[in-house]
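Single-structure report; data block below.
Numbering (this note's numbering), first residue to last: 113 to 323.
Structure (structure tokens):
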């Protein structure tokens with residue numbers, strides 16, 4: 113085992129020369145980099161991207177390190193649409209980089225994922241299968257995403273409801289798109305003592321249990 117490999121086992125790094133690894137070690141060597149130019153320093157508007165090397169399976173720590181050494185570049189990105197960073201990374205790694213950089217928080221439950229966007233204050237509740245398999249297109253399907261506005265919280269909606277949360281209650285709080293996702297969030301999150309029921313015409317409601 114080479115010294116370079118031992119160093120990378122400790123933590124992801126930016127200063128690892130690839131020619132120091134054995135052939136077998138290179139088989140599990142991975143990197144987070146922005147495509148476009150050669151070398152470990154990638155050009156970006158207002159600066160250069162620093163590549164982070166890591167071992168297979170250690171992508172979360174690598175994403176955190178990448179965010180740490182590239183924070184200024186990430187801050188300058190236009191995140192309103194697809195950008196050079198997103199185009200260069202897998203969606204899970206891109207998500208983790210933005211989390212580590214402070215731009216979003218992601219919480220996963222049995223059937224839904226809650227994504228809080230810190231810049232806008234908007235919260236999205238997304239079908240979990242769609243979230244994990246949709247890649248960069250995951251937000252384009254309005255039938256599997258609920259949008260909670262910036263001035264509203266999921267906890268606040270639940271607490272303000274009397275005995276049940278209905279579609280009408282969600283709309284009163286400005287929730288848009290697929291309201292079923294919010295209902296399933298309340299069901300999946302163990303903090304709410306409630307039951308998800310189906311009413312006429314397939315409409316769902318969350319009924320609070322009596323304490």
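The C-beta atom is built at its ideal place from N, Cα and C for all residues, glycine as well.
Pull up the distance between the alpha-carbon of residue i and that of residue j, whole angstroms please.
i, j, result
"residue 282", "residue 193", "28 Å"
"residue 269", "residue 120", "46 Å"
"residue 248", "residue 297", "22 Å"
"residue 210", "residue 179", "7 Å"
"residue 358", "residue 271", "Nothing about residue 358 can be reported from this structure: the residues present for the chain run from 113 to 323 only."
"residue 130", "residue 165", "9 Å"
"residue 150", "residue 177", "Summary for residue 150: the model assigns pLDDT 44, below 50, so the residue's position carries little reliability; its value from the coordinates is reported in the next sentence. Computed Cα separation, rounded: 21 Å."
"residue 174", "residue 220", "21 Å"
"residue 242", "residue 250", "6 Å"
With distances taken Cα to Cα, identify the nearest neighbour of residue i among the options.
i, options, result
"residue 163", "189, 195 and 128", "128"
"residue 260", "289, 200 and 273", "289"
"residue 273", "292, 244 and 304", "304"
"residue 306", "142, 276 and 177", "276"
"residue 113", "141, 267, 133 and 124", "133"
"residue 145", "312, 196 and 311", "196"
Exposed or buried, which one is residue i when buried takes at least 16 other CB atoms within 10 Å?
i, result
"residue 138", "exposed"
"residue 187", "exposed"
"residue 147", "exposed"
Have a look at the DSSP bridge pairing and note the partners of residue i.
i, result
"residue 106", "Only positions 113 to 323 of the chain appear in the structure, and residue 106 is not among them; the question remains open."
"residue 245", "Residue 245 is not bridged to any residue."
"residue 317", "309"
Alpha helix (DSSP H) segments (min. 4 residues) lying fully within the stretch 168 to 242: 171 to 181, 183 to 188, 196 to 200 and 203 to 212
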